[in-house]
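Heads up: the sequence shown begins at 284 in our numbering, then just goes up one per residue. Accompanying notes for the structure given below.
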Amino acid sequence: MKKILLPLSIFIGILLSAQEKSEAPAIDTTKAWSIQGQNTLMLNQAAFSNWVGGGANNVGWLAGVNYNLTYEKGKDLWENIIILGYGQNNTKGVGTRKTQDVINLSTNYGREFAKHWYISAGASLQTQFAAGYEDGNNPEAPKISNFMAPGYVNVGAGVTYRPNDNFTMTLRPANARWTFVLDDDLQYAGTYGLKNDGDSSLFQFGFLGTAIYKVKIMENINLINTGSVFSNYLDHPERLVLSYSGVLNMKINKFISTNVTLDLLYDHNQIQKTQLKQTLGVGFAYNLENGKKRSENKENQSWLKK
284 MKKILLPLSI
294 FIGILLSAQE
304 KSEAPAIDTT
314 KAWSIQGQNT
324 LMLNQAAFSN
334 WVGGGANNVG
344 WLAGVNYNLT
354 YEKGKDLWEN
364 IIILGYGQNN
374 TKGVGTRKTQ
384 DVINLSTNYG
394 REFAKHWYIS
404 AGASLQTQFA
414 AGYEDGNNPE
424 APKISNFMAP
434 GYVNVGAGVT
444 YRPNDNFTMT
454 LRPANARWTF
464 VLDDDLQYAG
474 TYGLKNDGDS
484 SLFQFGFLGT
494 AIYKVKIMEN
504 INLINTGSVF
514 SNYLDHPERL
524 VLSYSGVLNM
534 KINKFISTNV
544 TLDLLYDHNQ
554 IQKTQLKQTL
564 GVGFAYNLEN
574 GKKRSENKEN
584 QSWLKK
């Protein structure tokens, strides 16, 4: 019996050893790139017939995309944000007016030098697609804006603090800011800070601070807060350019959601008053998520998960 068990045990040992050697090493499937995005199409409509309370038939739509493309590997962090939105409303007796118009593109690269802190540099562009008019976007009224009129381009360097996906703060003590006015009708002194009639741009250099804070209020209800402040070292640094944007997303199911937006802006070069814009829409929304971030302390933007 021993003569049988001894060769059998040796054979089994060799077989197990061979299996261990043949097993492939574990592969890290975590992707350096991650993509989170939301595509929306909001619709609204009202119809009246013999309604003594009054009212005008109207139909409107609003479409937008909001994407965050992030590269994260080792100490490198590169974030790219694409926000595009446009909407119109057609009211009987009034005509078609735009209700939303935004182009917001930004990129920021950082190299970690301490836990959650990055030396960073980046650029951004903000403008709109179409012309805007003084009287509720009435084409018969004086024009006050257009594509790249104004258009704001920021390029700067500083530090970024990012403890998790819910909070990001970037401070740039060295930031160049160009205001472009590429519509000839709007290139006169005083408009958007232009110094002389016919000027197409204004250069400023100063401090730019931005922050994004995302809050999960409850299941399927999320609030994204974005704020910024700019101070021009070269001329009246006390005249701060302040902006705030809030987006409340209430998800009904995988494809239907309600969005409420609030935008506040104060820019002395535009108008010496606080500007406000608010929208409410219910419609189709499709969330995209591709890629898992490498950092163990991040949740990969859970507020956008399906």
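The beta carbon of each residue, even a glycine, is placed where N, CA and C say it ideally should be. Quantities reported herein were computed from a predicted structural model and do not represent experimental measurements.
- Query: Looking at the unbroken beta strand (DSSP E) that takes in F513, where does it start and where does it end?
  - Reply: Position 230 of the sequence shown, counted from the first residue, corresponds to residue 513. The continuous beta strand (DSSP E) containing F513 extends over residues 504 to 515.
- Task: Indicate the three-state DSSP secondary structure (helix, strand or coil) for Y475 in the structure shown.
- Result: Counting from 1 along the sequence shown, the entry for residue 475 is found at position 192. Helix.
- Task: State the DSSP-derived secondary structure class of D546, mapped to helix, strand or coil.
- Result: Taking the first residue of the sequence shown as 1, we reach residue 546 at position 263. Reduced to three states, the DSSP call for D546 is strand.
- Quick one: what's got a C-beta closer than 6 angstroms to N508's C-beta in the same chain, skipping five residues either side? Within the sequence shown, residue 508 is the residue found at index 225, counting from 1. Excluding residues within five positions, the ones whose Cβ falls inside 6 angstroms are Y496, G529.
- Query: Can you round the beta-carbon distance between T541 and V565 to whole angstroms, since I take them to be within the 8 angstroms contact cut?
  - Reply: Against the sequence shown, residue 541 aligns to sequence position 258. Against the sequence shown, residue 565 aligns to sequence position 282. Between V565 and T541 the Cβ distance is about 5 angstroms, and since that is below 8 angstroms, they are a contact.
- Message: If you reduce the DSSP assignment to three classes, tell me which class D384 lands in.
- Response: Within the sequence shown, numbered from 1, the residue matching residue 384 stands at position 101. Reduced to three states, the DSSP call for D384 is strand.
- Query: The beta strand (DSSP E) spanning A494 covers which residue range?
  - Reply: Within the sequence shown, residue 494 is the residue found at index 211, counting from 1. Unbroken beta strand (DSSP E) run through A494: 484 to 501.
- Measure the C-alpha to C-alpha separation of R455 and G376 and round it to an integer number of angstroms. Here residue 455 is taken as the residue at index 172 of the sequence shown, counted from 1. Here residue 376 is taken as the residue at index 93 of the sequence shown, counted from 1. Whole-angstrom Cα-Cα distance: 49 angstroms.
- Label D384 either buried or exposed according to how many other C-beta atoms from any shown protein chain fall within 10 Å of its C-beta, with 16 as the threshold for buried. Position 101 of the sequence shown, counting from 1, holds the residue named residue 384. So D384 counts as buried.
- Strand pairing of F450, partner residues [DSSP]: Counting from 1 along the sequence shown, the entry for residue 450 is found at position 167. For F450, DSSP records a beta bridge to N447, Y496.
- Message: Beta-carbon within less than 6 angstroms of Y549's beta-carbon, same chain only, minus the 5 sequence neighbours each way: which residues are those?
- Response: In the sequence shown, the residue the question calls residue 549 occupies position 266. Excluding sequence neighbours, Y549 sits near L525, T557.
- Task: Report the partner residues of G441 according to the DSSP bridge assignment.
- Result: What you label residue 441 is simply residue 158 of the sequence shown in a count that begins at 1. DSSP, once it has assigned bridges, lists S403 as partnering G441.
- Task: Check L469 in the structure and name its three-state DSSP category.
- Result: As a working note, residue 469 is residue 186 in the sequence shown. DSSP, reduced to helix, strand and coil, places L469 within a helical segment of the structure shown.
- Task: Kindly list the residues whose CB is nearer than 8 angstroms to the CB of G489, restricted to its own chain and excluding five residues on each side of it in sequence; keep chain order.
- Result: Here residue 489 is taken as the residue at index 206 of the sequence shown, counted from 1. Cβ neighbours of G489 beyond the five flanking positions: N458, R460, F513, S514, N515, Y516, L517, P520.
- Message: Just to confirm my understanding: we take E423, look at its own chain, exclude 5 residues before and 5 after, and list those with CB closer than 7 angstroms. What are they?
- Response: Translated into the one-based positions of the sequence shown, residue 423 becomes position 140. No residues qualify anywhere along the chain.
- Which value, in whole angstroms, describes the spacing of the CA atoms of N573 and V498? Working through the sequence shown from its first residue, we reach residue 573 at position 290. Working through the sequence shown from its first residue, we reach residue 498 at position 215. The straight-line gap from Cα to Cα measures roughly 21 angstroms.
- Mind checking whether A339 and L324 have CB atoms under 8 angstroms apart? Looking up residue 339 in the sequence shown gives position 56. Looking up residue 324 in the sequence shown gives position 41. Cβ atoms of A339 and L324: not closer than 8 angstroms.
- Measure the Cβ-Cβ separation of N429 and L469 and say whether it is below 8 angstroms. For the purposes of this step, residue 429 is identified with residue 146 of the sequence shown, where counting begins at 1. For the purposes of this step, residue 469 is identified with residue 186 of the sequence shown, where counting begins at 1. Going by C-beta atoms, N429 is nearer than 8 angstroms to L469.
- Which residue's Cα is closest to the Cα of L571: Y350, N341, N391, L408? Residue mapping note: residue 571 aligns to position 288 of the sequence shown, counting from 1. That would be Y350, whose Cα lies nearest to the Cα of L571.
- Given 8 angstroms, three or more beta-carbon pairs between the stretch 435 to 442 and the stretch 397 to 409: yes
- Item | Three CB pairs or more closer than 8 angstroms across the stretch 408 to 415 and the stretch 354 to 365 | In short, these stretches do not touch, since the Cβ pair count stays below three.
- Item | For Y392, the nearest candidate out of I386, Q319, D359 (CA to CA) | Numbered from its first residue, the sequence shown carries residue 392 at position 109. Closest option to Y392, Cα to Cα, is D359.
- Message: What does the alpha-carbon distance come out to for the pair T312 and I318?
- Response: By 1-based counting over the sequence shown, the position of residue 312 is 29. By 1-based counting over the sequence shown, the position of residue 318 is 35. Note that T312 scores 49 on pLDDT, short of 50, meaning its location in the model is unreliable and no value can be drawn from it.
- With distances taken between CB atoms, is the gap from G343 to N373 smaller than 8 angstroms? Along the sequence shown, one-based indexing puts residue 343 at 60. Along the sequence shown, one-based indexing puts residue 373 at 90. A contact, by the Cβ cut-off of 8 angstroms.
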